[in-house]
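S.K.: Residue numbers are given in the numbering used here: position 117 of the sequence shown equals residue 117, and the series is strictly consecutive.
Beta carbons: idealized from backbone N, C-alpha and C, even for Gly.
Note that this is a predicted model, so its numbers are computed, not measured.
Here it is: the structure, laid out below.
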Amino acid sequence: MAINKNHEFEDLNGIKCAIVEKNANADRVEFLKDLLEYNRYTVIVVASPPPKAAAVPAPKEGEPAPPPPPPTPETFTVGVTDVTFNPTNAIFGRLLRTKDGHIVTLAYWQQKEKQSNDEVPYFITSPGLS
């Protein structure tokens, strides 16, 4: 059991894993798997359980049957076998690298940027505080 929500554990395919992300789509899984395997983590991916659906009441006599619910999108849970891994610490601790040698930034991790821009520091100190 995790101490807090930021560091979750789960058994994936019978292996204790630190959870990297839940309910990720196939493209996101491919991105995370490539990035984490490049950083020498063993990645385990399993299909996420479908969400619980509310029971549909039976139609009354003479009424047409309600349409079937739309199919749920297929999502996955991504984990790594290193239970000490924490995505937040890995990103802000500057522990992950891209294939071209740059440090993984939050925008790159969230796939908001195609290339990691590690030139900009995470924080800038005020001139009189040094």
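State yes or no: is the C-beta of Leu-32 within less than 8 Å of the C-beta of Ala-26?
M.R.: Contact: no.
S.K.: Just to confirm my understanding: we take Val-46, look at its own chain, exclude 5 residues before and 5 after, and list those with CB closer than 7 Å. What are they?
M.R.: Excluding positions up to five away in sequence, the list reads Leu-12, Asn-13, Phe-76 and Thr-77.
S.K.: Go ahead and pull the three-state DSSP assignment for Asn-23.
M.R.: Looking at Asn-23 - three-state DSSP - the assignment turns out to be strand.
S.K.: Taking the runs of the alpha helix (DSSP H) that are 4 residues or longer, which of them lie wholly in the stretch 33 to 69?
M.R.: None, since the stretch 33 to 69 contains no complete alpha helix (DSSP H) of that length.
S.K.: Please classify Ala-65: is it buried, with 16 or more other beta-carbons within 10 angstroms of its beta-carbon, or exposed?
M.R.: It is exposed - the Cβ of Ala-65 has fewer than 16 other Cβ atoms within 10 Å.
S.K.: Tell me which residue opens and which closes the beta strand (DSSP E) that Ile-77 is part of.
M.R.: Looking at the sequence itself, residue 77 is Thr, so the reference to Ile does not match. 76 to 80 is the extent of the beta strand (DSSP E) around Thr-77.
S.K.: I need the DSSP call for Phe-85, collapsed to helix, strand or coil.
M.R.: Coil.
S.K.: State the Cα-Cα distance for the pair Gly-79 and Ala-58, rounded to the nearest angstrom.
M.R.: Between Gly-79 and Ala-58, the C-alpha separation is close to 40 Å.
S.K.: Could you spell out where the alpha helix (DSSP H) holding Leu-106 opens and where it closes?
M.R.: Start and end: 106 to 109.
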